[in-house]
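Numbering (this note's numbering), first residue to last: 6 to 232.
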């Protein structure tokens, strides 16, 4: 039985992955570092801002230790917010998909490795914030995807808010990366992947892969949860 849908944000709801890369490179240029598009999608996409910069520190690319990493992450946050305020767009099909879930009274939540302020800024600007009961962001977890902590927490908070007893097997997660899919599977949830960031052959662990969420029907989602 389908009782909830949990979304990733970047690359699922909003077309922001390349905006994040631009913001990182804007800041990292001051440290003599540039992340290529291939490296970003292959190595870093599933990480929070701070964890990505910590990884650069661990690789010896960024000097200065934890203090410098925190400072760089804060700078990136400001740059991204300035860019996204003008350039962030909702991915095609998302608005229709959310409306379908809302019309069928399916509660929705978000778990993303992005910062809460970034998510709220974009959702408010496109008038979608009101559809989401719960948002779990980077600040709320200690472990990034592929750890399932964020999805488990999102469902826990959703149940508390709604006074419900939704189980993981009654949830469908919408993701765009193998890190997110792995996290959802570890949480015991059903999975749908959208090919916004990776090709279909890179998302084969998902139970269903689609190009556009508008092509996904409520019956197909219910069928996943009936397995």
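Think of the CB as a built atom: it goes at the ideal place given N, C-alpha and C, for glycine as much as any other residue.
Starting from residue i, follow the beta strand (DSSP E) in both directions and report where the run begins and ends.
| i | result |
| --- | --- |
| residue 12 | 9–12 |
| residue 196 | 195–199 |
| residue 114 | 113–116 |
| residue 225 | No beta strand (DSSP E) contains residue 225, which is instead part of the alpha helix (DSSP H) from 223–230. |
| residue 180 | 176–180 |
Let me make sure I understand the geometry here. Which of the options has the alpha-carbon closest to that of residue i?
| i | options | result |
| --- | --- | --- |
| residue 211 | 223, 181 and 128 | 181 |
| residue 93 | 71, 130 and 106 | 130 |
| residue 217 | 108, 112 and 95 | 95 |
| residue 106 | 165, 136, 33 and 140 | 136 |
| residue 74 | 195, 53 and 201 | 53 |
| residue 4 | 226, 219 and 153 | This structure does not reach residue 4, given that the chain is present from 6 up to 232, and the question cannot be answered. |
| residue 68 | 91, 19, 33 and 42 | 33 |
| residue 149 | 25, 13, 65 and 91 | 13 |
| residue 213 | 191, 202 and 179 | 179 |
| residue 43 | 209, 202, 229 and 219 | 202 |
| residue 104 | 72, 134 and 196 | 134 |
| residue 152 | 120, 205, 140 and 191 | 191 |
| residue 204 | 8, 9 and 16 | 16 |
| residue 30 | 57, 91 and 6 | 57 |
| residue 51 | 195, 155 and 10 | 155 |
How many Å lie between residue i and residue j at the Cα?
| i | j | result |
| --- | --- | --- |
| residue 215 | residue 177 | 14 angstroms |
| residue 60 | residue 188 | 20 angstroms |
| residue 183 | residue 207 | 7 angstroms |
| residue 199 | residue 221 | 10 angstroms |
| residue 28 | residue 125 | 18 angstroms |
| residue 231 | residue 193 | 14 angstroms |
| residue 55 | residue 63 | 12 angstroms |
| residue 112 | residue 185 | 20 angstroms |
| residue 37 | residue 127 | 30 angstroms |
| residue 77 | residue 224 | 45 angstroms |
| residue 21 | residue 70 | 28 angstroms |
| residue 65 | residue 72 | 15 angstroms |
| residue 141 | residue 172 | 18 angstroms |
| residue 109 | residue 6 | 13 angstroms |
| residue 40 | residue 81 | 13 angstroms |
| residue 139 | residue 35 | 36 angstroms |
| residue 79 | residue 10 | 31 angstroms |
| residue 196 | residue 229 | 8 angstroms |
| residue 18 | residue 219 | 12 angstroms |
| residue 91 | residue 132 | 15 angstroms |
| residue 169 | residue 123 | 28 angstroms |
| residue 23 | residue 120 | 16 angstroms |
Considering residue i, what are the terminal residues of the alpha helix (DSSP H) in which it resides?
| i | result |
| --- | --- |
| residue 79 | 70–92 |
| residue 166 | 154–167 |
| residue 58 | 54–63 |
| residue 191 | 183–191 |
| residue 125 | 121–130 |
Give me the DSSP bridge partner(s) of residue i.
| i | result |
| --- | --- |
| residue 19 | 15 and 95 |
| residue 137 | 113 |
| residue 213 | 197 |
Using a C-beta cutoff of 8 angstroms, does residue i count as contacting chain C?
| i | result |
| --- | --- |
| residue 53 | Going by chain labels, chain C is absent from the structure shown, which holds only one protein chain. |
With a cut-off of 8 angstroms, do at least 3 Cβ pairs link the segment 142–152 to the segment 101–121?
Taking 8 angstroms as the limit for Cβ pairs, the verdict is that the segment 101–121 does touch the segment 142–152.
Closer than 8 angstroms is the cut-off here; do at least three beta carbon pairs connect the segment 41–54 with the segment 99–106?
no
How do the segment 77–91 and the segment 150–161 stand: do at least 3 beta-carbon pairs fall below 8 angstroms, yes or no?
Flag = no, the segment 77–91 and the segment 150–161 do not touch.
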